[in-house]
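Q:
2 protein chains.
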Amino acid sequence: MAKASDKRRTPSRAATNKAQLTRDDWLDAAAGEVAAGGFSNLRVLTLAKRLGVTRGSFYWHFRDHEDLVVSFLDRWRDRRFVELDYMRPKGENPEEELHQILQILLTDAARNIRRLQVELAVRDFARRNEHAARIVDEVDRARVEQNKLLFRHLGVAGDQVEDLARLMYMATVGSQVVQAGRKGNEAAVERIEQLVARLALGQRSE
Amino acid sequence: MAKASDKRRTPSRAATNKAQLTRDDWLDAAAGEVAAGGFSNLRVLTLAKRLGVTRGSFYWHFRDHEDLVVSFLDRWRDRRFVELDYMRPKGENPEEELHQILQILLTDAARNIRRLQVELAVRDFARRNEHAARIVDEVDRARVEQNKLLFRHLGVAGDQVEDLARLMYMATVGSQVVQAGRKGNEAAVERIEQLVARLALGQRSE
DNA sequence: GGGATTCCGTACAGTAATGTATGGGCGGTA
DNA sequence: TACCGCCCATACATTACTGTACGGAATCCC
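Residue numbers (this note's numbering), protein chains in the order written: chain A, 4 to 209; chain B, 4 to 209.
1. Please go through the same chain and pick out, in chain order, the residues whose beta-carbon is closer than 7 Å to the beta-carbon of arginine 146/B, but skip the five residues on each side of it.
2. Can you check whether the C-beta of glycine 40/B is within less than 8 Å of a C-beta belonging to chain A?
3. Can you tell me which of Arg82/B, Glu36/B, Trp29/B, Gly41/B puts its alpha carbon nearest to the alpha carbon of phenylalanine 61/B?
4. Can you tell which of Asp140/B, Gln182/B, Leu170/B has the C-alpha that lies nearest to the C-alpha of aspartate 140/A?
5. Is leucine 157/B closer than 8 Å to arginine 207/B when the C-beta atoms are compared?
6. Whole angstroms is fine: what's the gap from serine 43/A's alpha carbon to glutamate 36/A's?
7. For valine 159/B, which residues does DSSP report across the bridge?
8. What first and last residue would you give for the alpha helix (DSSP H) that runs through lysine 52/B?
9. Along chain A, in chain order, which residues have C-beta atoms closer than 8 Å to that of threonine 49/B?
10. Using a C-beta cutoff of 8 Å, does serine 178/A count as contacting chain B?
11. Let me confirm a value: lysine 93/A is counted as buried when at least 16 other C-beta atoms fall within 10 Å, else exposed. Which label applies?
12. For a contact defined as C-beta to C-beta under 8 Å, what are the partners of glutamine 120/B on chain A?
13. Counting only beta-carbon atoms, is aspartate 111/A nearer than 8 Å to chain B?
14. Can you list, in chain order, the residues of its chain with a C-beta nearer than 8 Å to that of leucine 24/B? Leave out the 5 residues immediately preceding and following it.
15. Grab the span of the alpha helix (DSSP H) containing phenylalanine 126/B for me, first residue to last.
16. So that I know if they touch, is there some Cβ in chain A lying closer than 8 Å to that of valine 142/B?
17. My understanding is that glutamate 196/B touches leucine 105/B, with C-beta atoms under 8 Å, so please give their C-beta distance in whole angstroms.
18. Name, please, each residue of chain A whose Cβ falls closer than 7 Å to the Cβ of leucine 202/B.
19. Counting contacts by CB-CB distance shorter than 8 Å, is arginine 126/A in contact with chain B?
20. With respect to the alpha helix (DSSP H) encompassing isoleucine 104/A, which residues constitute its N-terminal and C-terminal limits?
21. Taking only three categories from DSSP, how would you classify arginine 91/B?
22. Using 8 Å for Cβ pairs, my map puts valine 176/A next to valine 180/B. What's the rounded Cβ distance?
23. Could you please tell me which residues of the region 151-178 of chain B, in chain order, have their CB closer than 9 Å to any CB of chain A?
24. Kindly list, in the order they appear in chain B, the residues whose Cβ is closer than 9 Å to that of leucine 123/A.
25. To the nearest angstrom, report how far apart arginine 114/B and glutamate 99/A are at their CA atoms.
26. Any idea what DSSP makes of serine 8/B, helix, strand or coil?
27. Can you list, in chain order, the residues of its chain whose CB lies under 6 Å from that of alanine 17/A, leaving out five sequence neighbours each side?
28. Would you verify that the beta carbon of isoleucine 104/A is, or is not, closer than 8 Å to some beta carbon of chain B?
29. The alpha helix (DSSP H) with glycine 59/B in it runs from where to where?
30. Taking DSSP as the reference, what is the three-state secondary structure of alanine 183/B?
31. For leucine 204/B and leucine 167/A, I'd like the C-alpha separation in whole angstroms.
32. Hey, would you say phenylalanine 128/A sits closer than 8 Å to glycine 41/A, going by beta carbons?
33. Report the rounded CA-to-CA distance for alanine 190/B versus leucine 109/B, giving the unit in angstroms.
34. Under 9 Å between beta-carbons, which chain B residues line up against leucine 198/A? List them in chain order, please.
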C-alpha cells in the first residue's frame, strides 16, 4: 500500500507508473483514434484521457492540433517506405515473392485490422487535405513501382508490366476498401489472390 | 422593383424566391457537404446557410441529425439500385456492355466527381456506422452479381465467373479510391480498362 | 374570413472542443 | 542546495454545434 503522503505526487497519473510521455506515445494513441473514427475523430482530450494525462501535456509536445496531424502523416509515410524497402523483391524467387506480396496486401490485412483502418483513414483524409494527398500519392507510386519490379522479375512482357502492376495494385486497394469491416470472406480473398497470381504468371513474354 | 412594404415577408429569404424547401432539397445540399468533407462535415448550420434558411427549417423536416444521415444513406442506396437496374446487361451485345460498365465505373468517375466523392464518403462512413455498413454491403453484392451476370453472357467458364467478377469490381473500386482527387491519369485508367477487357474476353470457356 | 396547418425565424440552454496563460513538481546540475 | 529546464495540471476564454421551446407569417380548407 502506498503511503498516505503520496498525494503530493501528481494524482491523476498515480495508477500508471510510466515515467514521461514522448511524442511517439501521443502518435501511437492517435493511431488508435484514427483507426476507429478517422481524422475527424482525432481529438486532443480523448488522447489525453487514454494516456492518463491532461491536455497540458499535449500542448507541450505539439504546437497545436495540426502539428499532430502532420506528424502523424509524416510518420505514416516513413513507415510505409521502410516497409516497402524491407520487402523489396530481390528476384531470386519471384513466384514466392508475388505470393508473399499478395498475402500481405490481402490476407494479412484481415488480421492487421488496425493498420488497414489507419491506411483507409489516411486515404479518406487525403481527399480534403493537401499534405495527406501528397503523401498518399507518394506511397501509391512507390508501391506500383515495386509491383512493376516484381513483374519484370517474373518475366512479364515489357509493355504489360505497367498495366499489370497498376491493375494488381488497384485490385488490392479495392479489396481492402470493400473488405474493411466485413467478416467471413477470407476464402474469397484467397481465390482472388490465386486469380491474380495465375493472371500474372500467364502474361509472361516467353 | 418590389414595393417597400415587402419587408413584411420573411427577410432572410428575400433573395431566393424559391417557394418552400422539401426534404429532398436538404438531402441534395447534404450531398455537397458529404462530398466535400465526409459525414463528419455534415452540419446543420452549414446546410441552412447554403439553403438560405435557418436551422428552424431543418428541425421541422428532420427529427434530428441522425434522421438526416439515415435518410441520406437510404436515398443513396435506392439510387444505386435503380442505377443498377437501368444498366442491367441484357446479353445481346456483351462486349459492348462490358465496355460500357467499365467506362461508367472508371472513366466516367473522373467526370462525375461529385458522385464518386459521395460514394467514397459513404464507404468511409460505413467503417464506423452500422447502417451505412449494411447499405454499402448490399450495393457491393448487387454490383458483383451484375458483373457475374455480364461475364456469364460473355461465355466465361462457370468456375471463373465469381472470381473474375470480384476481381473486376475490386479493381474498379480501388481505381476510384486511388484516383480520387488526382488528375491527369485518364490515360492510365483507359489502359486498365482495356487490360480488364482483354482479361475477361480471354477467359472464355469455349 | 376564420381557424388549422405548414413552414420557418428567434432565442435559449447545454455540450464539446481548441488554445493559452500560468503555476508547480521533479530531476539534473553546478 | 539552490537553480533551471522539462513535463504536466489547472483555470479561463472562445468558438462551434446540437436540440428545443416558442412565436409568427403564409396558405389551405371549408
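For glycine and all other residues, C-beta sits at the position ideal for the given N, C-alpha and C.
Fair warning: this is a prediction, and the values are worked out from it, not measured in the lab.
A: A quick look at the data gives this:
1. Leu87, Tyr172
2. yes
3. Trp29/B
4. Gln182/B
5. yes
6. 9 Å
7. Arg207/B
8. 47-54
9. Those do not exist, as threonine 49/B stays about 14 Å from chain A at its closest Cβ, beyond 8 Å.
10. yes
11. exposed
12. Arg130
13. no
14. Leu54, Val56, Ser60, His64
15. The sequence shown places arginine at residue 126/B, rather than the phenylalanine named in the question. Residues 116-128.
16. no
17. 5 Å
18. Leu202
19. yes
20. 97-105
21. coil
22. 6 Å
23. Gln163, Glu165, Asp166, Leu167, Arg169, Leu170, Met171, Tyr172, Met173, Ala174, Thr175, Val176, Gly177, Ser178
24. Arg126, Asp127, Arg130, Val180
25. 40 Å
26. The predicted model places serine 8/B with a pLDDT of 30, which falls under 50 and marks its position as unreliable, so this point remains unresolved.
27. Low confidence applies here, because alanine 17/A scores a pLDDT of 42, under 50, leaving its location unreliable and the question unanswered by this model.
28. no
29. 58-64
30. coil
31. 16 Å
32. yes
33. 11 Å
34. Gln163, Asp166, Leu167, Arg169, Leu170
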